[in-house]
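Protein sequences appear in the order of chains A and B. The first sequence: position 108 = 108 (the numbering used here), numbered continuously. The second sequence: position 49 = 1049 (the numbering used here), numbered continuously. Backbone N, C-alpha and C define an ideal beta-carbon position, used for all residues, glycine too.
There are 2 protein chains.
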Amino acid sequence: MVDGSGGGEGLLFLTDEQLRKGIEAMFFAYRGFTADPDRILEGMDYGRAHHRAIHFIHRSPGTTVSNLLATLGVTKQSLNRVLRSLIEDGLVEQRVGRTDKRERNLHLTAKGAELERALSDAQRARMRAAYRAAGPAAVQGFRTVLEAMMDPEMRRQYQGLRDTNA
Amino acid sequence: MVDGSGGGEGLLFLTDEQLRKGIEAMFFAYRGFTADPDRILEGMDYGRAHHRAIHFIHRSPGTTVSNLLATLGVTKQSLNRVLRSLIEDGLVEQRVGRTDKRERNLHLTAKGAELERALSDAQRARMRAAYRAAGPAAVQGFRTVLEAMMDPEMRRQYQGLRDTNA
DNA sequence: CTTGGAAAGTCAACAAGGCTGACGTAAATT
DNA sequence: AATTTACGTCAGCCTTGTTGACTTTCCAAG
Chain A
1 MVDGSGGGEG LLFLTDEQLR KGIEAMFFAY RGFTADPDRI LEGMDYGRAH HRAIHFIHRS
61 PGTTVSNLLA TLGVTKQSLN RVLRSLIEDG LVEQRVGRTD KRERNLHLTA KGAELERALS
121 DAQRARMRAA YRAAGPAAVQ GFRTVLEAMM DPEMRRQYQG LRDTNA
Chain B
1001 MVDGSGGGEG LLFLTDEQLR KGIEAMFFAY RGFTADPDRI LEGMDYGRAH HRAIHFIHRS
1061 PGTTVSNLLA TLGVTKQSLN RVLRSLIEDG LVEQRVGRTD KRERNLHLTA KGAELERALS
1121 DAQRARMRAA YRAAGPAAVQ GFRTVLEAMM DPEMRRQYQG LRDTNA
């Protein structure tokens, strides 16, 4: 008994060693996860922050700046720097809110959608390969554990798309 | 058939929508994954880079600077900045290699081990909660998918601890 | 024994992308 | 009319990554 949990046989997957493996798996896998988009972005004037903004605007067209702020978990100033360049370069369009004119509804332009597609194609290709190699049962478990690992607020962001006020 | 794969019934988990969910799960879960250690580090003079160094020195006591460089995937200059502060503050100790005197074997001091424990306790607690909530089968799948997602070189880092030349 | 290369350390300069604090404006709400 | 909300922006700071250049120490091969 290396593990101090003292639990029954079914708890062997909760040993410190198993947990350490899980932690390192997250670390190394996240590197792979971001590698392909990063490769596309490098050279262009953009980085991972731009990718994230583009991703979530694509996911929730018409979302507001506040919504995006909550989803990304960064400050207004930080997001603004990124958003400004995307708007200047004609990848993102902002439209004055129709019900609340203080809001800015964000949309990808054709050009923005094109970059989004390139980025997500690359990222999905890796994801698809991993899913295919692991099989449907593993994928189910993968999603279950990741969801359990999120902060409750993030879990809500993940589950519901309640910011589609396009 | 929303999915264009045209495959059999067993491939429904490979739809773009499923893949998008997986991508966002990674994004949100990684935030949770780093949140607790980040909270401990903030206020101290250290950041996530210090955490990573401490983690891998703990995992492979006596590892060399080159090994650490390969594991972390950063430049020598970047690691050195981090390592220097950890050594100055007495968290990490470097011993001249006994077989190859050019090498520096890295070890945590008692003080370093103490911080390591605080950080990994926090991170493991979240991991343990997620594992427990998801169950052993899900954990198995989680690890399988993450491993499939890594770059081959990182997978080797993950699987073998071949740098324990303490 | 000399010499080439490897391991490590360091200086300088720069960039991305976080952060705080302070302020301004327009529009909604009270 | 006053307050609050949504957004934008200026200025400055920090961490952590990058390149490039150079040094010291040491191993190993000629």
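Give the DSSP bridge partners of residue i, in chain order.
i	result
L106 of chain A	A:T63, A:Q94
With burial defined as no fewer than 16 other Cβ atoms inside 10 Å of the residue's Cβ, what is the status of residue i: buried or exposed?
i	result
G90 of chain A	exposed
D1036 of chain B	buried
R117 of chain A	exposed
E147 of chain A	buried
R1156 of chain B	exposed
M150 of chain A	buried
Q994 of chain B	Chain B is shown from 1001 up to 1166; residue 994 of chain B falls before or after that span and cannot be answered.
R98 of chain A	exposed
Q1159 of chain B	exposed
T1075 of chain B	exposed
G10 of chain A	exposed
R124 of chain A	buried
R143 of chain A	buried
A110 of chain A	exposed
A172 of chain A	Outside the shown range of chain A, which is 1 to 166, sits residue 172 of chain A, and nothing can be said about it.
V96 of chain A	exposed
G1043 of chain B	exposed
R1084 of chain B	exposed
S1066 of chain B	exposed
R102 of chain A	exposed
G1047 of chain B	exposed
G1006 of chain B	Legend: pLDDT at G1006 of chain B = 48, less than 50; position of this residue unreliable, no value from coordinates given.
E24 of chain A	buried
A1138 of chain B	buried
A129 of chain A	exposed
Going by Cα to Cα distance, which pick from the options is closest to residue i?
i	options	result
P1152 of chain B	A:A29, A:L19, A:Q18	A:A29
V145 of chain A	B:M1044, B:M1127, B:D1121	B:M1127
R81 of chain A	A:D45, A:Y158, A:H107	A:D45
I1040 of chain B	B:R1095, B:E1017, B:R1132, B:L1115	B:L1115
T1034 of chain B	B:K1021, B:A1049, B:G1043	B:A1049
G73 of chain A	A:F56, A:R84, A:E88	A:F56
D1100 of chain B	B:L1108, B:G1062, B:G1047, B:G1022	B:G1062
G112 of chain A	A:L86, A:G141, A:T64	A:L86
M154 of chain A	B:F1027, B:Q1018, B:G1022	B:F1027
L119 of chain A	A:A129, A:G22, A:D16, A:H58	A:H58
N105 of chain A	A:G135, A:G141, A:A70, A:S60	A:S60
H1107 of chain B	B:L1012, B:T1064, B:P1136	B:T1064
V1092 of chain B	B:A1070, B:A1053, B:A1122, B:L1069	B:A1053
Would you say the beta carbon of residue i comes nearer than 8 Å to a heavy atom of the ligand ADP?
i	result
R1156 of chain B	Ligands displayed in this structure: none; no statement on the ligand ADP is therefore possible.
For this session: Can you check the segment 1011-1099 of chain B for any alpha helix (DSSP H) of at least 4 residues that lies completely inside it and give the ranges in chain order?
Result: Runs found: 1016-1041, 1048-1059, 1065-1072, 1076-1088.
(message) Tell me which residues of the segment 126-148 of chain A have at least one Cβ-Cβ distance to chain B shorter than 9 Å, keeping chain order.
(response) R126, M127, R128, A129, A130, Y131, R132, A133, A134, G135, P136, A137, A138, V139, Q140, G141, F142, R143, T144, V145, L146, E147, A148
Residues in the segment 52-77 of chain A with C-beta within 7 Å of chain B's C-beta atoms, listed in sequence order? G73
Original post:
Fully enclosed by the segment 120-157 of chain A, which beta strand (DSSP E) runs are 3 residues long or longer?
Top reply: As far as the segment 120-157 of chain A is concerned, it has no whole beta strand (DSSP E) run of at least 3 residues.
Short-range partners of chain B found in the segment 11-29 of chain A, where Cβ spacing is below 9 Å:
L11, L12, F13, L14, D16, Q18, L19, R20, K21, G22, I23, E24, A25, M26, F27, F28, A29
So if I threshold CB-CB distances at 7 Å, which residues from the segment 1031-1047 of chain B count as touching chain A?
R1031, G1032, F1033, A1035
Cβ-based contacts, 8 Å cut-off: residues of the segment 110-126 of chain A near chain B:
Residues are counted here when their Cβ sits less than 8 Å from a Cβ of chain B; for the segment 110-126 of chain A these are S120, Q123, R124, R126, given in chain order.
Chain A contacts from the segment 1082-1098 of chain B (Cβ-Cβ distance under 8 Å):
none
(request) Return the residues of the segment 1150-1162 of chain B that lie within a Cβ-Cβ distance of less than 8 Å from chain A, sorted by chain order. (result) M1150, D1151, M1154, R1155, Q1157, Y1158
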